[in-house]
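FYI, the numbering for the sequence shown is -7 to 140, going by our numbering. Yeah, the Cβ is synthetic: ideal placement off N, Cα and C, and Gly gets one too.
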Amino acid sequence: MAKKYKRSIAHMLVSFVSAPFAGFALAMLASYFLKDVADYVYYAIGGAVCLLIWFITLFSENISFEIEGTKLRYYKGSKLLKEYELEGAEIGYNIKQSRSTDRVNLYINGDTIDCAPLGIGKFESMYADLEDIAGPKVQKVVVNSQTK
-7 MAKKYKRSIA HMLVSFVSAP FAGFALAMLA SYFLKDVADY VYYAIGGAVC LLIWFITLFS
53 ENISFEIEGT KLRYYKGSKL LKEYELEGAE IGYNIKQSRS TDRVNLYING DTIDCAPLGI
113 GKFESMYADL EDIAGPKVQK VVVNSQTK
């Protein structure tokens, strides 16, 4: 039985909802610095930023993982990017948390995979399964850089 790990719907919805606000904020900033430009330029800048964030959310951050037996499959969208044999694999991870973003990287046999779209909870669950298969020779690095 294969275990699948995908990004959460909540993570995707937050990105979709925040995109128009980011576009609006950039349009307001542009209107402050570009005072002699027609209004439609501000709207175009804001709309382009909004569309870019939606595109990144839909396509670039659409990752998933599948663990079946001793194999890990890494997908981007529905396309299989790479398949790893976990027995004897060298795996590790790095989590860097801050107020605004979390960075989650999986290291496997010299490759680095950005797992931030999964979220820390799903990633740690997946990593526990990877650890069970690959064995105890793993490297973990967690950096918490939250400032007050």
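For the region 80 to 90 and the region 14 to 32, state whether three or more C-beta atom pairs, one from each stretch, are separated by less than 8 angstroms. No, they do not touch.
If C42 and A11 are in contact, beta carbons under 8 angstroms, what's the gap, nearest whole angstrom? Position 50 of the sequence shown, counted from the first residue, corresponds to residue 42. Position 19 of the sequence shown, counted from the first residue, corresponds to residue 11. That belief holds up - the Cβ atoms of C42 and A11 are roughly 5 angstroms apart, short of 8 angstroms.
Please confirm whether K68 and I48 have their CB atoms less than 8 angstroms apart. On the sequence shown, residue 68 is found 76 positions in, with the first residue counted as 1. On the sequence shown, residue 48 is found 56 positions in, with the first residue counted as 1. Going by beta carbons, K68 and I48 fall outside the 8 angstroms limit.
In three-state terms, what does DSSP make of E77? Taking the sequence shown and counting its residues from 1, one reaches residue 77 at position 85. The answer is strand: DSSP assigns E77 an E or B state.
Answer with buried or exposed for G80, where buried requires no fewer than 16 other C-beta atoms within 10 angstroms of its C-beta. Along the sequence shown, one-based indexing puts residue 80 at 88. By the neighbour-count rule (16 or more Cβ atoms within 10 Å), G80 is not buried but exposed.
Just how far apart, CA to CA, sit V6 and A36? In the sequence shown, counting from the first residue as 1, residue 6 sits at position 14. In the sequence shown, counting from the first residue as 1, residue 36 sits at position 44. Straight-line measurement puts the Cα of A36 at about 22 angstroms from the Cα of V6.
Could you give the DSSP three-state label for G102: helix, strand or coil? Position 110 of the sequence shown, counted from the first residue, corresponds to residue 102. For G102, the secondary structure class from DSSP, reduced to helix, strand or coil, is coil.
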